[in-house]
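J.: Below you will find the structure I want to go over with you.
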Amino acid sequence: MFNKESLTFIKDFPLLGVYILAVACEALPNPCGYEVELCFFVGKQRGMSMVCFDNVFIEDATLDDYAELEEVVNEYLAQPEHIALAEKAVI
């Protein structure tokens, strides 16, 4: 569940017919001490529903680090295996 203290990033993949939404939110308390969790959702273009396909915890980051989180999201989405995971989630 997300509170109002979250950041969103969206990227469109027109050739695949999908878009990916990344939501950065405060991580729940955990033994590793991570502060930020990125949740990745995928949906079909012109579709109304989305499905979560991956979660990533970020060390040494806060929600104030917008540029750093945006870079993490871009690096994540640049990897073909993550895009393949998203494609499988919407089939």
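Just so we're aligned, residue 252 is where the sequence shown starts under the working numbering, counting upward by one.
The beta-carbon is built from N, C-alpha and C at its ideal position, and this holds for glycine as well.
Here the structure is a predicted model, which is why all the values come from computation and not from measurement.
Tell me the rounded alpha-carbon separation between V274 and L266.
T.: Walking along the sequence shown from the start, residue 274 turns up at place 23. Walking along the sequence shown from the start, residue 266 turns up at place 15. Straight-line Cα distance between these residues: approximately 23 Å.
J.: Give me the Cβ distance between V343 and I261, rounded to the nearest whole Å; I'm assuming they're in contact under 8 Å.
T.: Look at the range of the chain in this structure, 252 to 342, and you will see that residue 343 is not part of it.
J.: I believe V341 touches V293 by the beta-carbon criterion, under 8 Å. Please report the beta-carbon distance rounded to the nearest angstrom.
T.: Start at 1 with the first residue of the sequence shown, and residue 341 comes out as number 90. Start at 1 with the first residue of the sequence shown, and residue 293 comes out as number 42. With a Cβ gap of about 5 Å, V341 and V293 count as contacting.
J.: If we call anything under 8 Å between Cβ atoms a contact, is L258 one with Y317?
T.: For the purposes of this step, residue 258 is taken as residue 7 along the sequence shown, with counting starting at 1. For the purposes of this step, residue 317 is taken as residue 66 along the sequence shown, with counting starting at 1. Contact flag set, yes.
J.: What's the C-alpha gap between Y270 and A312?
T.: Residue mapping note: residue 270 aligns to position 19 of the sequence shown, counting from 1. Residue mapping note: residue 312 aligns to position 61 of the sequence shown, counting from 1. If you take the alpha carbons of Y270 and A312, they lie about 25 Å apart.
J.: Given this structure, state the Cα-to-Cα distance separating F264 from Y327, to the nearest angstrom.
T.: For the purposes of this step, residue 264 is taken as residue 13 along the sequence shown, with counting starting at 1. For the purposes of this step, residue 327 is taken as residue 76 along the sequence shown, with counting starting at 1. Rounded to the nearest angstrom, the two C-alpha atoms are 14 Å apart.
J.: Taking 8 Å as the limit between beta carbons, can you name the residues of its chain near G268, skipping five residues before and five after?
T.: The count along the sequence shown starts at 1 and reaches residue 268 at position 17. Taken in chain order, the residues that qualify are K295, Q296.
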